[in-house]
Amino acid sequence: MTQQPSYTMDFPYRFAGDGITVRTGYEDHIRDLIEQLLFTRQGERLVRPALGCGLSDLLFGPLSDDVAAAARSTIQVAFHEFLAAQVELRALDVRAEDSALLIDIAYSIVRTGQEGRMSLTANAEAGP
Numbered sequence: 001m002t003q004q005p006s007y008t009m010d011f012p013y014r015f016a017g018d019g020i021t022v023r024t025g026y027e028d029h030i031r032d033l034i035e036q037l038l039f040t041r042q043g044e045r046l047v048r049p050a051l052g053c054g055l056s057d058l059l060f061g062p063l064s065d066d067v068a069a070a071a072r073s074t075i076q077v078a079f080h081e082f083l084a085a086q087v088e089l090r091a092l093d094v095r096a097e098d099s100a101l102l103i104d105i106a107y108s109i110v111r112t113g114q115e116g117r118m119s120l121t122a123n124a125e126a127g128p
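Per UniProt numbering, residue 1 is the first one in the sequence shown, and the count goes up by one each step.
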C-alpha cells in the first residue's frame, strides 16, 4: 500500500498569514474530496471531465423522492468511480425537503480505517 501524506493542501486553496499554503490533516482532506465530488459538475474540470455529481443541476426543478433517489444513485456511482481507493461508502441517505437535498454520508477511510460522517445540504439558493 502506498503511504499517503499525513497532511495536504486545504480546500478551498488559500494562503496562511505567513504566506505558506494552508494545510490540513488527511481525514479533513478526505472530507474535502467528498464535498468537491458532490458539488462539482461533470465537465467542470478540464483534466477530469467525468469527475463530479452535479447535484446543483438537480435543484432547478421540483424536488421529489424520485430526484432524491437519482441523486443517491449518482453519488454512489461517483464514490465507486472516483474515491474507491480512499473511501469506503458505508451508508448514504438522500432526501428532498422543501427546496433542498439533505445528504447524510457514513464512510470509512481506507488507509486508516477511521469512520466518518458528513451531513450536507444542497439547495439552489446557497449552494453546498
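From the three backbone atoms N, C-alpha and C, an ideal C-beta is built for every residue, glycine too.
In this text, all values refer to a predicted model and were calculated from it rather than measured experimentally.
Residue i: first and last residue of the uninterrupted alpha helix (DSSP H) it sits in
{"i": "V67", "result": "D65 to A78"}
{"i": "D18", "result": "Where D18 is concerned, there is no enclosing alpha helix (DSSP H), given that its DSSP letter is neither H nor E."}
Short Cβ contact (8 Å threshold) for residue i with residue j
{"i": "T77", "j": "A96", "result": "Strictly speaking, residue 77 in this sequence is Val, with Thr absent from that position. Not closer than 8 Å, so no."}
{"i": "L92", "j": "I109", "result": "no"}
{"i": "R31", "j": "M118", "result": "yes"}
{"i": "L33", "j": "L83", "result": "yes"}
{"i": "Y107", "j": "G113", "result": "no"}
Whole-Å CB distance - residue i paired with residue j, under 8 Å assumed
{"i": "R45", "j": "L51", "result": "5 Å"}
7 Å CB neighbourhood of residue i in its chain, flanking five on each side removed
{"i": "A71", "result": "L55, L58, V94 and L101"}
{"i": "N123", "result": "L59, S99 and A100"}
{"i": "H29", "result": "T8"}
Cβ shell of residue i (< 8 Å), same chain only, five flanking positions each side left out
{"i": "A16", "result": "V22"}
{"i": "G61", "result": "V67"}
{"i": "S64", "result": "A96"}
{"i": "T40", "result": "L51, G52, C53 and G54"}
Enclosing beta strand (DSSP E) for residue i [first to last residue]
{"i": "D93", "result": "V87 to E97"}
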